[in-house]
Amino acid sequence: MKWTSALSRNTDLAAAIEAVASVVLAELGGAPDLVFVFASEHYRSDFARLPGELRARLGAVCLVGCSASGVICNGNEVEQEPGLSITAAVLPDVRIDCWHLEANELRPGSPHSQYCSELALGEHGSPEQFLVLADPFSFPTEQLLRSLEGAFTTSVIAGGLASGGQNAGEIVLFLNDAMHASGALVIGLAGNIEMLTAVAQGCRPIGEPMFVSACEGNKLSALDGRATTEILQALFEDADNEEQQLMQHSLFLGLTMQSGNSHYQQGDFLIRNIAGGDADRRALWIAADLRENQVVQFHVRDAQTSSEDLTRGLTRLHGELGSDNAEGCLLFSCTGRGRGLYGRPNHDVSAFIDELGPIPLGGFFCNGEIGPVSGQTFIHGYTSAFAIFRPRRVDAQ
Numbered sequence: 415m416k417w418t419s420a421l422s423r424n425t426d427l428a429a430a431i432e433a434v435a436s437v438v439l440a441e442l443g444g445a446p447d448l449v450f451v452f453a454s455e456h457y458r459s460d461f462a463r464l465p466g467e468l469r470a471r472l473g474a475v476c477l478v479g480c481s482a483s484g485v486i487c488n489g490n491e492v493e494q495e496p497g498l499s500i501t502a503a504v505l506p507d508v509r510i511d512c513w514h515l516e517a518n519e520l521r522p523g524s525p526h527s528q529y530c531s532e533l534a535l536g537e538h539g540s541p542e543q544f545l546v547l548a549d550p551f552s553f554p555t556e557q558l559l560r561s562l563e564g565a566f567t568t569s570v571i572a573g574g575l576a577s578g579g580q581n582a583g584e585i586v587l588f589l590n591d592a593m594h595a596s597g598a599l600v601i602g603l604a605g606n607i608e609m610l611t612a613v614a615q616g617c618r619p620i621g622e623p624m625f626v627s628a629c630e631g632n633k634l635s636a637l638d639g640r641a642t643t644e645i646l647q648a649l650f651e652d653a654d655n656e657e658q659q660l661m662q663h664s665l666f667l668g669l670t671m672q673s674g675n676s677h678y679q680q681g682d683f684l685i686r687n688i689a690g691g692d693a694d695r696r697a698l699w700i701a702a703d704l705r706e707n708q709v710v711q712f713h714v715r716d717a718q719t720s721s722e723d724l725t726r727g728l729t730r731l732h733g734e735l736g737s738d739n740a741e742g743c744l745l746f747s748c749t750g751r752g753r754g755l756y757g758r759p760n761h762d763v764s765a766f767i768d769e770l771g772p773i774p775l776g777g778f779f780c781n782g783e784i785g786p787v788s789g790q791t792f793i794h795g796y797t798s799a800f801a802i803f804r805p806r807r808v809d810a811q
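Laid out in structure tokens, this is it:
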């Protein structure tokens with residue numbers, strides 16, 4: 415197994431392709447089996463010809479990717495500027511399955527469903543790692559995630575929602591020689607490969623964990639027997655000035671995914687937006703369905719908290735790797751991070767290199783990041799989701 419990444423900032427697509435292809439072919443010593451390409455919206459007029467020309471130049475077996483508002487490569491986060499990021503791999507003894515599907519193909523009995531059934535029962539073993547790239551305007555990605563988890567119960571899934579456009583049809587996906595202006599891409603990896611993940615949600619808890627005592631769907635009416643807005647007002651009054659400022663524009667609710675614990679800490683929660691309030695009924699609307707007796711806790715986010723949470727996540731990932739070397743990495747980072755959050759460029763990739771070293775890394779700024787929390791895969795916001803690749807350990811084969 416061998417991975418490499420390359421970046422070009424050239425505004426001319428042909429020159430950018432030549433620049434990245436030359437690096438990839440030289441470092442891999444030949445054609446790659448799998449290529450990820452993330453292209454900034456500055457190449458929009460050339461999107462249709464990009465995948466075919468790049469794949470032909472590389473001689474790649476499989477090429478996947480998407481448009482992006484910003485791209486990531488090694489130590490660089492290129493935001494709102496021209497950028498073509500390529501991450502390529504030679505993957506001996508790895509089976510690669512890549513396909514495109516539209517929203518109407520998620521129904522039972524569809525070609526997607528049949529293909530998943532064939533893969534799950536395949537003689538070479540079913541895929542255990544999946545990467546998903548999806549159009550945020552046209553595709554119900556959560557439904558796809560549940561579909562994959564249902565068909566492949568031990569799978570690990572990561573990915574992101576494509577960016578680089580404000581309207582439907584402006585964001586595109588690349589698969590081999592083709593461009594798609596809707597739908598999703600699924601990349602399944604089986605055999606001598608293992609994918610480890612880390613999701614840095616970037617929030618810290620405030621107050622104490624509480625039980626949901628009244629809810630309906632995503633409406634949260636009461637916590638610990640008291641009206642939700644009453645709890646929130648008391649929390650605000652007890653907070654210091656800095657925390658009060660954060661609560662006014664960066665307040666979230668964390669949902670525990672594992673019940674029965676006697677103690678909860680940062681990282682044990684799935685972070686979800688507060689979508690609005692119902693002043694008359696003293697309730698909040700949460701961007702997630704709730705259930706009674708579920709443990710929740712309010713959270714806030716700022717640059718320092720996000721940085722500290724990222725460091726914790728990367729440290730855990732490093733510990734999970736142990737003495738093994740990672741060969742390649744993909745980073746799916748929210749468009750709300752980067753320079754806008756931290757006030758300086760390259761924050762997340764610099765933290766990655768500090769913790770794990772100069773592993774080939776590519777990625778893009780997403781409209782939503784895909785990764786697991788407590789063993790279940792979700793679409794996140796404001797996060798950085800990492801997918802690290804290594805050969806499968808002998809004891810895991």
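With the working numbering, letter number 35 in the sequence shown gets 449, and the count goes up by one each step, no holes. Note that CB positions come from ideal geometry on N, CA and C, so glycine has one too.
Of the other Cβ atoms in all chains shown, 16 or more fall within 10 Å of the Cβ of Gly597; this residue is therefore buried.
Between the alpha carbons of Arg509 and Met593 lies a distance of about 23 angstroms. Residue burial is scored here from C-beta neighbours: Ala612 has at least 16 other C-beta atoms within 10 angstroms and is therefore classed as buried.
The segment 572-597 is shown to contain whole beta strand (DSSP E) runs of 3 or more residues at 587-589, 592-594, in chain order.
Comparing alpha-carbon positions, the option among Thr555, Gln659, Gly727, Asn707 lying closest to Val600 turns out to be Thr555. In the displayed model, Thr501 falls within a strand according to three-state DSSP. Pro525 sits in a helix when the DSSP states are folded into three classes. Cβ neighbours of Asn488 within its own chain (closer than 6 angstroms, five residues either side excluded): Ser419, Leu775.
Nearest in C-alpha terms to Ser788, of all of Ile571, His456, Pro446, Glu432, is Ile571.
Nearest to Leu704 by C-alpha distance, out of Gly578, Thr719, Ile688, Asp716, is Ile688. Between Leu545 and Gly573, the beta carbon gap of about 5 angstroms places them in contact (Cβ cut-off 8 angstroms). Ranking Phe450, Glu722, Arg458 by CA distance to the CA of Gly583 puts Arg458 first. CA-CA distance, Phe625 to Glu657, rounds to 23 angstroms.
For Gly795, there is no enclosing alpha helix (DSSP H), as DSSP gives it neither H nor E. Look at Asn518 here: in three-state DSSP terms it is helix. Under the 8 angstroms Cβ criterion, the segment 771-785 does not count as touching the segment 711-726, having fewer than three qualifying pairs. Judged by DSSP in its simplified three-state form, Gly466 adopts helix. The segment 734-752 makes no contact with the segment 633-652; the number of CB pairs closer than 8 angstroms stays below 3. The alpha-carbon separation between Ala701 and Gly691 amounts to approximately 12 angstroms. Under the DSSP assignment, Asp692 falls in the beta strand (DSSP E) whose first and last residues are 683-692. In the DSSP assignment, Asn655 falls within the unbroken alpha helix (DSSP H) covering 655-663.
Per DSSP, the beta bridge partners of Glu608 are Arg804. Taking the CA atoms as reference points, Val586 sits about 22 angstroms from Phe800. Rounded to the nearest angstrom, the Cβ distance from Val478 to Leu498 is 15 angstroms, too far for a contact under 8 angstroms. Uninterrupted alpha helix (DSSP H) stretches at least 4 residues long and entirely within the segment 739-764 occur at 752-756, given in chain order.
Rounded to whole angstroms, Trp699 and Gly785 show a C-alpha spacing of 24 angstroms.
Contact between Ile685 and Phe712 does not hold, since their C-beta atoms are separated by about 10 angstroms, which reaches or exceeds 8 angstroms.
Three or more beta-carbon pairs separated by less than 8 angstroms link the segment 491-506 to the segment 416-436, which places the two stretches in contact. Boundaries of the alpha helix (DSSP H) harbouring Phe650: 642-652, taken from the DSSP string. Your pair Ala435 and Arg471 checks out as a contact, with CB atoms roughly 4 angstroms apart and the cut at 8 angstroms. C-alpha of Val438 to C-alpha of Asp638: approximately 57 angstroms in a straight line. In the structure shown, the three-state DSSP call for Gln718 is helix. The three-state secondary structure of Gly479, taken from DSSP, is strand.
In the assembly as shown, Asn781 is a buried residue. Its beta-carbon has 16 or more other beta-carbons within 10 Å. Around the beta carbon of Gly616, 16 or more other beta carbons lie within 10 angstroms, which makes this residue buried. Apart from sequence neighbours up to five positions away, the residues of its chain that approach Met609 with a beta-carbon distance below 6 angstroms are Gln543, Val570, Ala801, Phe803, ordered along the chain.
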